[in-house]
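>
In our numbering, the protein residues as written are 193 to 275.
1. Please say whether residue 203 and residue 264 have beta carbons closer to each other than 8 angstroms?
2. Pick helix, strand or coil for residue 269, following the three-state DSSP scheme.
3. Taking C-beta to C-beta, are residue 205 and residue 260 nearer than 8 angstroms?
4. DSSP three-state label for residue 236, please.
5. Can you give me the Cβ contacts of residue 242 inside the same chain, cut-off strictly under 7 angstroms, excluding the 5 residues immediately before and after it?
6. Of all the alpha helix (DSSP H) runs that stay within the bounds of the stretch 205-235, which reach a length of 4 or more residues?
7. Go through its chain and collect everything with a Cβ distance to residue 221's Cβ below 8 angstroms, but skip five positions before and after it.
Given below as structure tokens:
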């Protein structure tokens, strides 16, 4: 992407999912037998992980076009091709 904007932008998926959901999706996509281990979070751990991409949409005319599962599948396929 080319732009004459000189600023900091949040880029990411505006659809919030938990780390547990992400890990479960990766386990499913890789046909892994891995088990998730949940531990207590630190007191200062952010409760919400959802970037505000309003500025990127407005100034860069950018928003995500690849669904999370599709992007993960592409990444997994690429990693497997490198092994």
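Cβ coordinates follow ideal geometry from the N, Cα and C atoms, glycine included.
Just so you know, these numbers come straight off a predicted model, no measurement behind them.
If we stick to the structure as given:
1. By 1-based counting over the chain shown, the position of residue 264 is 72. By 1-based counting over the chain shown, the position of residue 203 is 11. Going by C-beta atoms, residue 264 is not nearer than 8 angstroms to residue 203.
2. Taking the chain shown and counting its residues from 1, one reaches residue 269 at position 77. In the structure shown, residue 269 sits in a helix (DSSP, three-state: H, G or I).
3. Counting from 1 along the chain shown, the entry for residue 205 is found at position 13. Counting from 1 along the chain shown, the entry for residue 260 is found at position 68. Contact flag set, yes.
4. For the purposes of this step, residue 236 is taken as the residue at position 44 of the chain shown. Note: residue 236 maps to coil in three-state DSSP.
5. By one-based count along the chain shown, residue 242 stands at place 50. Cβ within range, chain order: 206 and 208.
6. 211-221
7. Along the chain shown, one-based indexing puts residue 221 at 29. Cβ neighbours of residue 221 beyond the five flanking positions: 261, 264, 265 and 268.
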